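Enquirer: Numbering (this note's numbering) for the sequence shown: 1 to 410.
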Amino acid sequence: MDYNIILDQTQQYVRNFFSSHVDEKIVYHDRTHTEQVVKAVRMIAQHYQLSERDFFIVNVAAWFHDTGYFNGGASGHEQRGAEMAIAFLTGTGVDAEAIQSIKGCILATQIPQKPTNLLEDIVCDGDLFHLGTDDFGARNKLMRKEMEAVQNKQISKEDWRKSTIRLLETHHYHTDYCRLLLNEKKQENLDKLRAKEGVPPITNTLTALLRLHEQEDDPVEGGGEKERKKKKKDPGRGIDTVFRITSNNNQRLSSQADSKAHIMIQVNSIIISVLLSLLLRKIEEHTNLAIPATILLTVNLATIIFSILATRPHIPPGTFSKQDLDEKKVNLLFFGNFYKMSLQEYASGMLQMMDDRDFLYGSLIRDVYFQGIALGNKYRWLRLSYNTFMYGLIISVLAFMIAALAYPSK
């Protein structure tokens with residue numbers, strides 16, 4: 001099935017629906033919001049490398065999740081949106097299980113959100129993606145305007161601010177990706193609202209200490225607009241986010257590689273067990289199968305070896321010197337560089353690294369780089385394992401066929 005064609009049809013259908021169902025009261029849950037949710041869902045889905053079918057499911061759910069607002073209002077709009085999606089997809093060839101998954105994703109967006117699987121997590125996080133972005137203020141004002149128009153009553157800034165604070169305090173992102181990417185900005189948005197209420201902002205202790213440290217190191221006090229603009233443009237937060245997401249990606253890819261290697265080891269071990277227990281015991285009766293069996297055993301053994309090499313860890317010496325610290329050459333974030341050092345030596349090195357911004361970011365860069373090197377080696381061996389198994393299996397099957405047809409056993 002070509003899911004892209006149906007997804008294009010879905011996009012066109014929902015856009016036409018919004019064009020033909022214009023309601024001046026609904027200024028938040030409109031086409032703009034839906035397209036922003038679709039964009040966010042696609043970004044999250046691409047991060048998790050979903051299959052074509054799952055990618056289709058979350059995108060269709062994102063397109064339909066708020067269409068129910070225009071034929072019955074806010075109450076129960078998720079159920080109506082799900083029913084619209086089902087009606088549209090019926091007869092398109094999409095299987096019933098996928099349609100039910102789409103329905104589940106739409107219903108999961110009901111506040112409070114209660115997703116039960118990754119696909120529902122992705123759609124829920126896409127729906128409230130803006131809570132952790134710079135667009136939060138503008139989108140929140142539109143939401144208040146819509147609520148006032150729909151309920152036909154004024155909502156004071158204070159009441160709206162309190163309800164928004166409750167939403168931000170109780171909300172949490174469901175995917176690791178959104179937690180890493182958006183939580184810090186969402187906390188900032190919450191702190192701004194709390195400040196207007198006279199409530200001290202809850203900030204991360206480490207972040208506060210780092211800010212204090214930067215203020216102490218700044219030689220300019222009240223240096224004017226130019227210095228303030230320079231600080232405002234400090235990319236530190238973005239850099240931290242990049243490192244967190246990159247490390248998370250590397251860890252996920254490493255786990256996937258280990259899982260694939262484990263599968264190859266299991267499959268080939270089973271094949272070897274079957275060959276040794278069944279075929280080789282009767283090799284004297286079927287001498288024509290000796291060569292194909294040997295080929296298959298060799299392929300299985302080579303595949304297992306390559307899979308083991310893909311997962312075999314490399315352990316560095318586990319020590320570092322004072323010179324390494326002074327020259328900022330050691331990466332204290334990787335256990336292989338310090339596991340033989342004493343706690344006092346390691347703690348001293350860590351404090352030295354955390355006190356030097358260049359040393360700290362240099363260590364993070366080295367950590368990500370060597371993670372990439374390790375991943376490259378792991379996936380190279382894994383690819384060799386898969387290629388050996390794939391081509392070796394083809395050759396073995398051909399060898400068995402030739403042996404059976406050209407040299408039948410007597």
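Glycine included, C-beta positions come from ideal geometry on N, C-alpha and C.
None of these values were measured; they are calculated from a predicted model.
Using the C-alpha atoms, what's the distance from residue 56 back to residue 170?
Expert: Here residue 170 is taken as the residue at index 170 of the sequence shown, counted from 1. Here residue 56 is taken as the residue at index 56 of the sequence shown, counted from 1. Cα to Cα, residue 170 sits roughly 30 Å from residue 56.
Enquirer: On the three-pair Cβ rule with 8 Å, is the segment 303-317 touching the segment 374-394?
Expert: Contact holds: three or more Cβ-Cβ distances are below 8 Å.
Enquirer: In its own chain, which residues sit with a C-beta less than 6 Å from the C-beta of residue 149, not counting the 5 before and 5 after it?
Expert: Taking the sequence shown and counting its residues from 1, the one referred to as residue 149 is at position 149. Closer than 6 Å at Cβ, skipping near neighbours: 25.
Enquirer: Note the first and the last residue of the continuous alpha helix (DSSP H) segment covering residue 433.
Expert: One cannot answer for residue 433 here, as it falls past the ends of the chain, which runs 1 to 410.
Enquirer: Going by C-alpha distance, which of 191, 117, 267 and 292 is nearest residue 450?
Expert: One cannot answer for residue 450 here, as it falls past the ends of the chain, which runs 1 to 410.
Enquirer: Thinking just about the alpha-carbon of each residue, which of 138, 60 and 72 is nearest to the one in residue 120?
Expert: For the purposes of this step, residue 120 is taken as the residue at position 120 of the sequence shown. The shortest Cα separation from residue 120 among 138, 60 and 72 belongs to 60.
Enquirer: Where residue 124 and residue 266 are concerned, what is the direct C-alpha to C-alpha distance, given to the nearest angstrom?
Expert: Your numbering for residue 124 matches position 124 in the sequence shown. Your numbering for residue 266 matches position 266 in the sequence shown. Taking the straight line joining both Cα atoms gives about 37 Å.
Enquirer: So for residue 302, helix, strand or coil by DSSP?
Expert: Looking up residue 302 in the sequence shown gives position 302. It is helical.
Enquirer: Can you find at least 3 beta carbon pairs, one from the segment 153-163 and one from the segment 91-110, that sit closer than 8 Å?
Expert: No: the two stretches stay apart, fewer than three of their Cβ pairs being nearer than 8 Å.
Enquirer: Consult DSSP for residue 388 and reduce its assignment to one of helix, strand or coil.
Expert: By 1-based counting over the sequence shown, the position of residue 388 is 388. Three-state DSSP puts residue 388 in a helix.
Enquirer: Assuming residue 27 contacts residue 63 (C-beta within less than 8 Å), just tell me the rounded distance between them.
Expert: Start at 1 with the first residue of the sequence shown, and residue 27 comes out as number 27. Start at 1 with the first residue of the sequence shown, and residue 63 comes out as number 63. The Cβ separation is near 19 Å, so there is no contact.
Enquirer: Beta-carbon within less than 8 Å of residue 375's beta-carbon, same chain only, minus the 5 sequence neighbours each way: which residues are those?
Expert: Your numbering for residue 375 matches position 375 in the sequence shown. Cβ within range, chain order: 250, 253, 254 and 257.
Enquirer: Which same chain residues, not among the five before or five after residue 297, have their C-beta less than 7 Å away from its C-beta?
Expert: Within the sequence shown, residue 297 is the residue found at index 297, counting from 1. If we look at residue 297 and ignore the five residues flanking it on each side, its Cβ neighbours are 272 and 275.
Enquirer: Using 8 Å for Cβ pairs, my map puts residue 14 next to residue 92. What's the rounded Cβ distance?
Expert: Stepping through the sequence shown from its first residue, residue 14 is reached at position 14. Stepping through the sequence shown from its first residue, residue 92 is reached at position 92. Contact flag wrong, Cβ pair sits at about 14 Å.
Enquirer: Assuming residue 325 and residue 352 form a contact by the criterion Cβ under 8 Å, report the distance between their Cβ atoms to the nearest whole angstrom.
Expert: As a position in the sequence shown, residue 325 is number 325, starting the count at 1. As a position in the sequence shown, residue 352 is number 352, starting the count at 1. Right, their Cβ atoms sit about 6 Å apart.
Enquirer: For residue 184, name the three-state secondary structure that DSSP assigns.
Expert: As a position in the sequence shown, residue 184 is number 184, starting the count at 1. Residue state, collapsed to three classes: helix.
Enquirer: Between residue 117 and residue 177, is the Cβ-Cβ spacing less than 9 Å?
Expert: Residue mapping note: residue 117 aligns to position 117 of the sequence shown, counting from 1. Residue mapping note: residue 177 aligns to position 177 of the sequence shown, counting from 1. Cβ atoms of residue 117 and residue 177: not closer than 9 Å.
Enquirer: Taking the alpha helix (DSSP H) that residue 143 belongs to, which residues open and close that run?
Expert: Position 143 of the sequence shown, counted from the start, is the residue given in the question as residue 143. Its alpha helix (DSSP H) spans residues 136-151.
Enquirer: Quick check on DSSP: helix, strand or coil for residue 240?
Expert: By 1-based counting over the sequence shown, the position of residue 240 is 240. Reduced to three states, the DSSP call for residue 240 is helix.
Enquirer: Leaving out five residues on either side along the sequence, give the residues of the same chain with a beta carbon under 7 Å from the beta carbon of residue 30.
Expert: Taking the sequence shown and counting its residues from 1, one reaches residue 30 at position 30. Only 18 meet the Cβ criterion.
Enquirer: According to the neighbour-count rule (16 or more other Cβ atoms, all chains shown, within 10 Å of its Cβ), is residue 363 buried or exposed?
Expert: For the purposes of this step, residue 363 is taken as residue 363 along the sequence shown, with counting starting at 1. Result: buried.
Enquirer: Going along the chain, which unbroken runs of the alpha helix (DSSP H) with 4 or more residues stay wholly within the segment 73-110?
Expert: The segment 73-110 contains these whole alpha helix (DSSP H) runs: 77-89 and 96-107.
Enquirer: Compare the C-alpha of residue 147 against each of 74, 350 and 349 and name the closest.
Expert: Walking along the sequence shown from the start, residue 147 turns up at place 147. When only C-alpha atoms are compared, the closest one is 74.
Enquirer: Within the same chain, show all residues whose beta-carbon is closer than 7 Å to that of residue 244, passing over the 5 residues directly before and after it, in chain order.
Expert: For the purposes of this step, residue 244 is taken as the residue at position 244 of the sequence shown. 180, listed in sequence order.
Enquirer: Is it buried or exposed, residue 10, if we count other Cβ atoms within 10 angstroms and call 16 or more buried?
Expert: Counted from its first residue, the sequence shown places residue 10 at position 10. It is buried - the Cβ of residue 10 has at least 16 other Cβ atoms within 10 Å.
Enquirer: How far does the alpha helix (DSSP H) with residue 55 in it extend, from its first residue to its last?
Expert: By 1-based counting over the sequence shown, the position of residue 55 is 55. Start and end: 52-64.
Enquirer: I'd like the list of long-range same chain contacts for residue 98, defined as Cβ closer than 7 Å, with 5 residues on each side in sequence excluded.
Expert: Residue mapping note: residue 98 aligns to position 98 of the sequence shown, counting from 1. Result list for residue 98: 53 and 57, in chain order.
Enquirer: For residue 191, tell me which candidate among 143, 137, 241 and 361 has the shortest Cα-Cα distance.
Expert: One-based indexing of the sequence shown puts residue 191 at position 191. Measuring from the Cα of residue 191, the nearest candidate turns out to be 137.
Enquirer: Roughly how many angstroms separate the alpha carbons of residue 32 and residue 369, rounded to a whole number?
Expert: As a working mapping, residue 32 is identified with position 32 in the sequence shown. As a working mapping, residue 369 is identified with position 369 in the sequence shown. So the two alpha carbons sit approximately 39 Å from each other.
Enquirer: Measuring alpha carbon to alpha carbon, tell me which residue in 333, 264 and 278 is nearest residue 310.
Expert: By one-based count along the sequence shown, residue 310 stands at place 310. When each option's Cα is compared against that of residue 310, the closest is 264.
Enquirer: Suppose the cutoff is 7 Å on Cβ atoms and the five residues either side in sequence are ignored; what does the same chain contact list for residue 336 look like?
Expert: Counted from its first residue, the sequence shown places residue 336 at position 336. Excluding positions up to five away in sequence, the list reads 315, 316 and 318.
Enquirer: Can you name, in chain order, every residue of its own chain whose Cβ lies under 6 Å from the Cβ of residue 392, other than the five neighbours on each side?
Expert: As a position in the sequence shown, residue 392 is number 392, starting the count at 1. These residues qualify, in order along the chain: 299.
Enquirer: Considering only the alpha carbon of each residue, which of 83, 134, 157 and 347 lies closest to residue 188?
Expert: Counting from one through the sequence shown, the residue named residue 188 turns up at place 188. The shortest C-alpha separation from residue 188 is found at 134.
Enquirer: For residue 262, count the other beta carbons within 10 Å of its own beta carbon; 16 or more makes it buried, fewer makes it exposed. Which is it?
Expert: Translated into positions along the sequence shown, residue 262 becomes position 262. The residue is exposed, with fewer than 16 neighbouring Cβ atoms inside 10 Å.
Enquirer: Please say whether residue 102 and residue 50 have beta carbons closer to each other than 9 Å?
Expert: Within the sequence shown, the letter at position 50 stands for residue 50. Within the sequence shown, the letter at position 102 stands for residue 102. For residue 50 and residue 102, no; Cβs fall outside 9 Å.
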